[in-house]
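Here is the structure we will look at.
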Amino acid sequence: GDMHFPTNWSTGGISPDPRVNVHRIKRMKAREDDILICAFPKAGTHWTWEITHMLLNEKAEYAKKGKETAMLEFHIPDEFDDWPSPRVLNTHYELHNIPREMIDKKCKIIYIQRNPKDVAVSLYHFEKSFAGEDYVRSWDDFVHTFLHDVHTYNNYFTCALSWEHALKNNPDLNVLSLYYEDLKEDPIREITKIARFLNVSYTEEFIAEIAEKCSFKAMKAGDKEVRRHELQNWANYFPDENFTPEESIDRMSNTFFRKGDVGDWKNWFTVVQDEMFDAVYEEKMKDSKLKFRFNL
Ligand code: A3P
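Structure, rendered in structure tokens:
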């Protein structure tokens, strides 16, 4: 069946449906210095966005309201026209759906991946928390859907394979490939990688400052401060009668920043679910060279 997330995305009138919007986004005008962060939902998109933005901005300060959540698929291209260069844009689209001009102009792309068991856990909680009291799906049902069906507008395996294929067949693409687990393991090392890829000047102190500001705890608190109003709007779109206004803001903050750990899947998968996941993974990814460190 179809997905539950985001609960009333296409009827809520907050933004275009990503499946329809793709046709507009593909034709979007790009600037040579645009930077695009690409990831499957819950792989660390916004984390990478914030780091990239700080590096380019030469300041370890959280972005003002709205920018890092402004993903291509949920906006019409015109909305990005007045963004100053260099723009750091965000998307969960696969490579063949991103603006053609970004490929033609060899724009820098940062592609971030995360082990899919943690992605599944993260996505489940995201859906559940977003939808509030209307959410009825069980974790077990969710695991089946994740393995066999389509989430939002893509399926994990289709997406991972299509990226792998695209990167292998387009060596000219200007892509930096990152992993959530690596960022957690050594943020300084990974942020330095991003700085070099972006060709920005940096000092060790600056990188350390970004690592600190973009730690899960600090970023969650900072985000709540700068995006208070936006979090309130989200809460209004997806109301839950059980929460006071202040609790609603917290609920949304907890939706976007849940736990930020590697290996949380071990707290959720039963042995049966884990074996089923491994079997499907092995089958669908049999031609893939991806090797996630599931046991971290
Ligand atoms: P969890 O649900 O496991 O906590 P995306 O931005 O791609 O939707 O990814 C969201 C996931 O990244 C969530 O995972 C979220 O908590 C986590 N995340 C957000 N900011 C983070 C940070 N600064 N450090 C580590 N994880 C972060």
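Take the sequence shown: its letters are residues 7 to 302, numbered as in the working numbering.
Where a beta carbon is used, it is the ideal one built from N, C-alpha and C, also for glycine.
Only a predicted model underlies this, so the values are computations on that prediction, with no experimental measurement involved.
- In terms of CA proximity to L167, P122 leads the group P122, Y186, V127.
- Cβ-Cβ distances below 7 Å link S91 to R37, D39 in the same chain, with the five nearest sequence neighbours on each side left out; the list follows chain order.
- Not one heavy atom of the ligand A3P falls within 8 Å of the beta-carbon of F136.
- If you draw a 10 Å sphere on the C-beta of P245, you find fewer than 16 other C-beta atoms in it, and that means exposed.
- DSSP lists no bridge partner for V26.
- In this structure the segment 228-238 does not lie against the segment 97-111, because fewer than three pairs of beta carbons, one per stretch, are closer than 8 Å.
- For L61, the uninterrupted alpha helix (DSSP H) segment begins and ends at 51-63.
- In its chain, beyond the 5 residues on either side, N121 have a beta carbon closer than 6 Å to the beta carbon of F298.
- Following the DSSP letters along the chain, one finds T97 inside the beta strand (DSSP E) bounded by residues 94-97.
- Separation of the CB atoms of W55 and N96 is rounded to 5 Å, and the pair is thereby assigned contact status at 8 Å.
- For F263, the closest C-alpha among the options F222, L302, Q119, R30 is that of F222.
- Rounded to the nearest angstrom, the gap between the Cα atoms of P83 and K35 is 8 Å.
- Between V149 and F46, the C-beta spacing is not below 9 Å.
- About 7 Å separates the CB atoms of M291 and F163; that is less than 8 Å, so the two are in contact.
- For the segment 165-194, the full-length alpha helix (DSSP H) segments reaching 4 residues or more read 186-191 along the chain.
- By the neighbour-count definition (other C-beta atoms within 10 Å, threshold 16), R33 is an exposed residue.
- With contacts defined as CB atoms closer than 9 Å, S183 and Y141 fail to qualify as a contacting pair.
- Three or more pairs of CB atoms, one per stretch, sit closer than 8 Å, so the segment 251-267 contacts the segment 232-240.
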